[in-house]
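This report concerns only the one structure given below.
Residue numbers (our numbering): 1 to 91.
Encoded structure:
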């Protein structure tokens, strides 16, 4: 996150002040998130990845969404097709 904002400031796409606002806003948002360790889902994600033919990375998000009884927002067509009950695309 920090590098992406830094890069835009360096390119002149954002002013230093705008970059500071973006970073501060993102840090504030992070305080509202609950953080989960990959270790909590790793074994189940690996099994799901093999079974469903998706990456372990994607499977970790699917597993976490299932555990939290949450919906997974994605633009990934494969995930939308394979897991229609837990995924949805933005409007």
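Ideal Cβ placement from N, Cα and C applies to all residues, glycine included.
Following the continuous alpha helix (DSSP H) through residue 25, name the residue where it begins and the one where it ends.
-> Along the chain shown, one-based indexing puts residue 25 at 25. The continuous alpha helix (DSSP H) containing residue 25 extends over residues 16 to 30.
Reduced DSSP category for residue 80 - H, G, I as helix; E, B as strand; rest coil = Walking along the chain shown from the start, residue 80 turns up at place 80. Helix at residue 80.
From the DSSP output, read off the bridge partner residues of residue 88.
-> For the purposes of this step, residue 88 is taken as the residue at position 88 of the chain shown. In the DSSP assignment, the residues bridged to residue 88 are 73.
Where residue 41 sits in the DSSP three-state scheme = Here residue 41 corresponds to residue number 41 of the chain shown, with the count starting at 1. In the structure shown, residue 41 sits in coil (DSSP, three-state: anything other than H, G, I, E or B).
Close Cβ partners of residue 80 (< 8 Å) along its chain, the five nearest in sequence each way excluded | Residue mapping note: residue 80 aligns to position 80 of the chain shown, counting from 1. Closer than 8 Å at Cβ, skipping near neighbours: 74, 87, 88 and 89.
By a C-beta neighbour count over all protein chains shown, 10 Å radius and 16 as the cutoff for buried, is residue 93 buried or exposed?
-> Only positions 1 to 91 of the chain appear in the structure, and residue 93 is not among them; the question remains open.
Which residue comes first and which comes last in the alpha helix (DSSP H) that contains residue 9?
-> Within the chain shown, residue 9 is the residue found at index 9, counting from 1. Note, residue 9: alpha helix (DSSP H), 2 to 10.
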